[in-house]
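First the structure, in the form of structure tokens, and then the observations on it.
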Amino acid sequence: MATVVDIEIGAKKVFVWAVDWPGWCRSGRTEEAALAALADYVPRYAVVAAEARVRYPKSAGDTLEIRERLPGNASTEFGIPGQVSAGDAEPVQAAEATRAGKLLTAAWSVLDAVAAVTPAELRKGPRGGGRDRDKMLGHVVEAEAGYARMIGVKQKPPPFDDAEAVAALRAEILAVLAKPSDGAPLRPKGWPARYAARRIAWHVLDHVWEMQDRSPS
508 MATVVDIEIG
518 AKKVFVWAVD
528 WPGWCRSGRT
538 EEAALAALAD
548 YVPRYAVVAA
558 EARVRYPKSA
568 GDTLEIRERL
578 PGNASTEFGI
588 PGQVSAGDAE
598 PVQAAEATRA
608 GKLLTAAWSV
618 LDAVAAVTPA
628 ELRKGPRGGG
638 RDRDKMLGHV
648 VEAEAGYARM
658 IGVKQKPPPF
668 DDAEAVAALR
678 AEILAVLAKP
688 SDGAPLRPKG
698 WPARYAARRI
708 AWHVLDHVWE
718 MQDRSPS
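If you read the sequence shown in my numbering, its first letter stands for residue 508, the second for the next number, and so on.
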């Protein structure tokens, strides 16, 4: 069975994401490279699906069916899948919302597990850049407070190492995203539920995989 994907096409960067799997999203310089990267990450996303106890076929990356192509913008070039697709505006039924909530919760659990075994100092990029572990975790939490505002949740960014406060922020996010939605933005000039779930999960997992890739051998 084909995995349905959407594609966001910028001048120098292309994102592709699986419509039914929040957070399974990769990029490349071309459409072909982005699709190949998505398929390559099947084993890594399988860890998230297993944590969520959601069945995820090993063949998920074998056939990718493109549903929609969106023009990118400045966010795309910066490295963010920032475009809301037509499919993101579709209603979310109760079972689907519950499933999305499980996958997002699993992404956070995988982040915690990976961070727990990741050294504080990570390998630098080819130009000496890249956040170390704690700065990366702080960045993830700070971003989530910003994302939360786009769905009507107003909380100040908690310290990344305040587990209780971080859990409270994420519980408020889940309270919104794990319930049915008519597909409209969840606040004026905000995000629809489908986009919010995939954007938040993408950001978490993008940094999970970065941590793993930049950990000293």
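Just so it is clear, CB atoms sit at the ideal spot from N, CA and C, and this is done for glycine as well.
Using a Cβ-Cβ cut-off of 8 Å (strictly less than) and excluding sequence neighbours within five positions of residue i, which residues of its own chain qualify?
{"i": "ALA691", "result": "ALA596, PRO699"}
{"i": "ALA650", "result": "HIS710"}
{"i": "ALA543", "result": "GLY535"}
Would you say residue i and residue j are within 8 Å of each other, going by their C-beta atoms?
{"i": "VAL526", "j": "GLY535", "result": "no"}
{"i": "GLU558", "j": "ALA613", "result": "yes"}
{"i": "ARG630", "j": "PRO550", "result": "no"}
{"i": "VAL715", "j": "VAL683", "result": "no"}
{"i": "LYS663", "j": "ALA652", "result": "yes"}
{"i": "PRO665", "j": "LEU676", "result": "yes"}
{"i": "LEU545", "j": "ARG562", "result": "no"}
{"i": "GLY579", "j": "THR510", "result": "no"}
{"i": "ARG694", "j": "ILE658", "result": "yes"}
{"i": "ARG640", "j": "ALA620", "result": "no"}
{"i": "ALA735", "j": "GLU679", "result": "The structure shown does not extend to residue 735, since the chain spans only 508 to 724, so no value can be given for it."}
Tell me, please, which residues DSSP counts as bridged to residue i.
{"i": "LEU577", "result": "GLU515"}
{"i": "THR510", "result": "LEU571"}
{"i": "VAL521", "result": "ILE516, GLY535"}
Just to check my reading of the structure: residue i and residue j have Cβ atoms closer than 8 Å, yes? What is that Cβ distance to the nearest angstrom?
{"i": "GLU575", "j": "GLY594", "result": "6 Å"}
{"i": "SER688", "j": "ALA602", "result": "Not confirmed; about 13 Å, so no contact."}
{"i": "VAL648", "j": "VAL711", "result": "Wrong, their Cβ atoms sit about 10 Å apart, outside the cutoff."}
{"i": "GLU515", "j": "GLN590", "result": "5 Å"}
{"i": "MET718", "j": "ALA622", "result": "7 Å"}
{"i": "ALA541", "j": "VAL555", "result": "Incorrect: roughly 19 Å between the Cβ atoms, too far for contact."}
Please work out which residues of its chain come closer than 7 Å, Cβ to Cβ, to residue i, disregarding the five sequence neighbours upstream and downstream, and give them in chain order.
{"i": "GLU584", "result": "GLY517, ALA518, LYS519, LYS520"}
{"i": "PRO529", "result": "ALA607, LEU610, LEU611, ALA704, ARG705, ALA708"}
{"i": "SER592", "result": "ASP513, GLU575, LEU577"}
{"i": "PRO598", "result": "SER688, ASP689, GLY690"}
Tell me whether residue i, by its Cβ, gets closer than 7 Å to a heavy atom of the ligand SAM.
{"i": "LEU693", "result": "The model on display carries no ligand, and the ligand SAM is accordingly not part of it."}
Within its chain, find whatever has a CB closer than 6 Å to the CB of residue i; leave out the 5 residues flanking it on each side and keep chain order.
{"i": "ALA552", "result": "Strictly speaking, residue 552 in this sequence is Tyr, with Ala absent from that position. Hits under 6 Å: TRP531."}
{"i": "SER616", "result": "GLU558"}
{"i": "THR625", "result": "ARG640, MET718, SER722"}
My parser needs the alpha helix (DSSP H) runs of 4 or more residues fully inside the region 590–656; what are they? 601–623, 640–656
Report the residue ranges of all alpha helix (DSSP H) runs contained in full by the region 664–705; include only those spanning at least 4 residues, in chain order. 670–684
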